[in-house]
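Line by line, the protein sequences give chains A and F. In terms of the working numbering, the first sequence has 48 at position 48, counting the first letter as 1, and numbering is strictly consecutive. In terms of the working numbering, the second sequence has 94 at position 94, counting the first letter as 1, and numbering is strictly consecutive. The beta-carbon is built from N, C-alpha and C at its ideal position, and this holds for glycine as well. As structure tokens, the structure follows; a few thoughts come after it.
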Amino acid sequence: TVGAVALDKSGNLAAATSTGGMTNKKYGRIGDSPIIGAGTYANNNTVAVSGTGWGEFFIRTVVGYDVSALMEYKKDPVSKAAQTVIDKVGKLGGDGGLIALDKDGNMAMPFNTEGMYRGAITKDGKIEIYIYK
Amino acid sequence: GNYVLVIHGGAGTILKKNMTPEKETQYRAALEQALKAGYAKIQEGKSSLDAVQAAVNILEDNPLFNAGKGAVFTHDGKNEMDASIMNGKTLEAGAVAGVTTIKNPINAARAVMEKSEHVMMAGRGAEAFAKEAGCEIVDPSYFYTEDRWKGLQKALKEDSMKAKLDHSFNNKLGIINIDNKFG
Numbered sequence: 001t002v003g004a005v006a007l008d009k010s011g012n013l014a015a016a017t018s019t020g021g022m023t024n025k026k027y028g029r030i031g032d033s034p035i036i037g038a039g040t041y042a043n044n045n046t047v048a049v050s051g052t053g054w055g056e057f058f059i060r061t062v063v064g065y066d067v068s069a070l071m072e073y074k075k076d077p078v079s080k081a082a083q084t085v086i087d088k089v090g091k092l093g094g095d096g097g098l099i100a101l102d103k104d105g106n107m108a109m110p111f112n113t114e115g116m117y118r119g120a121i122t123k124d125g126k127i128e129i130y131i132y133k
Numbered sequence: 001g002n003y004v005l006v007i008h009g010g011a012g013t014i015l016k017k018n019m020t021p022e023k024e025t026q027y028r029a030a031l032e033q034a035l036k037a038g039y040a041k042i043q044e045g046k047s048s049l050d051a052v053q054a055a056v057n058i059l060e061d062n063p064l065f066n067a068g069k070g071a072v073f074t075h076d077g078k079n080e081m082d083a084s085i086m087n088g089k090t091l092e093a094g095a096v097a098g099v100t101t102i103k104n105p106i107n108a109a110r111a112v113m114e115k116s117e118h119v120m121m122a123g124r125g126a127e128a129f130a131k132e133a134g135c136e137i138v139d140p141s142y143f144y145t146e147d148r149w150k151g152l153q154k155a156l157k158e159d160s161m162k163a164k165l166d167h168s169f170n171n172k173l174g175i176i177n178i179d180n181k182f183g
């Protein structure tokens, strides 16, 4: 699964996710990637989120919307909200990670697996790329 | 905060000991290319939607990642892809699921958001809509990669009834047991 979240010069957030799903899946199984609020969510008042991992758990925990809700209702910063949600996924037995970018340009990239291909770029073009923990 | 774009290319059992320097270089280059493509849109004053679409297109076109070309295979030996996009300003959203002929599924998701009254379309209907909306349609063979095909054969051999997660093995529930990046 791949995904991106962005904040443009007008202060607008967007999120996108694209995937091939799971190897050997049957019966037209669909994961979280195309489910708005689970694998993908964006709200200018809070955050843009894209997830990757075991889709069934991301759907059940409504990952993208949950990050946003924690920020909107509990006023959690994006780092805390994103980590809280990934921890919820982990407690259920699911694994994976997410990327989140808030309306002020703060980001988080939590995951509970050994690694996650991830990267970010700042306003002035500084690139960060990470793979492992 | 100072960030304008964040991307991911999947999570799972990704250990340095299992990665060759050449492979790691390829992954880093692909991620950098995606970041630069999205950043260019933002620098041009384009929307965040344009930025995320540009970044995801790069990753969809790269067979290293489980999306677009390089997507994993279903039990029946097909590539079935899903994608979605959301506009934080308007809360509009679009998604496609189970599509097999759309070269860049994220483009189809955006078309659903902007050119229809719906949020999600699936299967053949989504493909027909994407074609009418001007998305590039390809033969399903475009998505074939040898590594993913081998991944399916391995999964079938291990247990033909179990689906395999992206790139994980020995997970907490013990259901999925693979040692390669399957998606």
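Apply the 10 Å Cβ neighbour rule to residue i and answer buried if 16 or more other Cβ atoms are within range, or exposed otherwise.
i, result
"Leu146(A)", "Not covered by the structure: residue 146(A). The range shown for chain A is 1 to 133."
"Thr90(F)", "exposed"
"Asn107(F)", "buried"
"Trp54(A)", "buried"
"Glu127(F)", "buried"
"Ala29(F)", "exposed"
"Arg110(F)", "buried"
"Arg124(F)", "exposed"
"Gly134(F)", "exposed"
Name the chain F residues whose beta carbon is nearer than 7 Å to that of residue i?
i, result
"Thr17(A)", "Ala83 and Ser84"
"Arg29(A)", "Ala163"
"Tyr36(A)", "For the record, residue 36(A) in the displayed sequence is Ile; it is not Tyr. Neighbours of Ile36(A) on chain F, chain order: Ser84, Met86, Ala93, Ala95 and Val119."
In chain A, which residues lie less than 9 Å from residue i when you measure between Cβ atoms?
i, result
"Pro140(F)", "Simply none; closest approach about 12 Å."
What in chain A is Cβ-close to residue i, meaning under 8 Å?
i, result
"His75(F)", "Asn24, Lys25 and Lys26"
"Glu127(F)", "In chain order: nothing, as chain A lies at least about 14 Å away."
"Gly134(F)", "Under the 8 Å cutoff, chain A gives no residues; its nearest Cβ is about 18 Å from Gly134(F)."
By Cβ distance below 7 Å, which residues in the same chain neighbour residue i in space, the five residues on each side in sequence not counted?
i, result
"His8(F)", "none"
"Ala34(F)", "Ile7, Ala55, Ile58 and Leu59"
"Trp149(F)", "Phe73"
"Arg60(A)", "Leu92"
I'd like the list of long-range same chain contacts for residue i, defined as Cβ closer than 6 Å, with 5 residues on each side in sequence excluded.
i, result
"Leu92(A)", "Phe57"
"Ala108(A)", "Val78, Ser79, Ala82 and Ala100"
"Val137(A)", "With chain A represented from 1 up to 133, any question about residue 137(A) goes unanswered, as that position is not in the structure."
Spatial neighbours of residue i within its chain, please: CB distance less than 8 Å, with the 5 preceding and 5 following residues excluded, ordered by chain position.
i, result
"Ala93(F)", "Ser84, Ile85, Met86, Asn87, Met113 and Val119"
"Asp191(F)", "Because chain F here runs from 1 to 183, residue 191(F) falls outside it and cannot be looked at."
"Pro105(F)", "Glu60, Ala67, Gly68, Met81, Asp82, Ala83, Val96 and Val99"
"Thr113(A)", "Gly53, Asp95, Gly96 and Gly97"
"Tyr39(F)", "Val4, Leu5 and Ala51"
Taking C-beta pairs closer than 7 Å, name the residues in chain A that residue i reaches, listed in chain order.
i, result
"Tyr39(F)", "Ile121 and Gly125"
"Glu146(F)", "Under the 7 Å cutoff, chain A gives no residues; its nearest Cβ is about 14 Å from Glu146(F)."
"Lys89(F)", "Asn12 and Asn44"
"Ile137(F)", "Within 7 Å Cβ-Cβ: nothing; Ile137(F) doesn't reach chain A, min ~16 Å."
"Ala155(F)", "Thr23 and Asn24"
List, in chain order, every chain F residue whose beta-carbon is nearer than 8 Å to that of residue i.
i, result
"Thr40(A)", "Ser84, Ile85, Met86, Ala93 and Ala95"
"Asp102(A)", "Gly1"
"Ile129(A)", "Arg28, Leu31, Glu32 and Leu35"
List the residues of chain F that residue i touches, going by C-beta distances under 9 Å, in chain order.
i, result
"Tyr137(A)", "This structure cannot settle anything about residue 137(A), because the visible part of chain A is limited to 1 through 133."
"Thr61(A)", "The contacting residues do not exist; Thr61(A) stays about 15 Å from chain F at best."
Whether or not the stretch 36-54 of chain F and the stretch 8-23 of chain F are in contact is what I'm after, with contact meaning three or more pairs of Cβ atoms, one per stretch, closer than 8 Å; do they touch?
no
Residues of the stretch 14-33 of chain F in Cβ contact with chain A at a cutoff of 9 Å, in chain order, please.
Ile14, Leu15, Lys16, Met19, Glu24, Tyr27, Arg28, Ala30, Leu31 and Glu32
Any C-beta of chain A within less than 7 Å: which residues of the stretch 101-121 of chain F qualify?
Pro105, Ile106, Val119 and Met120
Near-chain F residues of the stretch 113-126 of chain A - C-beta to any C-beta below 7 Å:
Thr113, Glu114, Gly115, Met116, Tyr117, Arg118, Gly119, Ala120, Ile121, Thr122, Lys123 and Gly125
Where the stretch 70-98 of chain A meets chain F: residues whose CB sits under 9 Å from a CB there:
Val78, Gly90, Gly93, Gly94, Asp95, Gly96, Gly97 and Leu98
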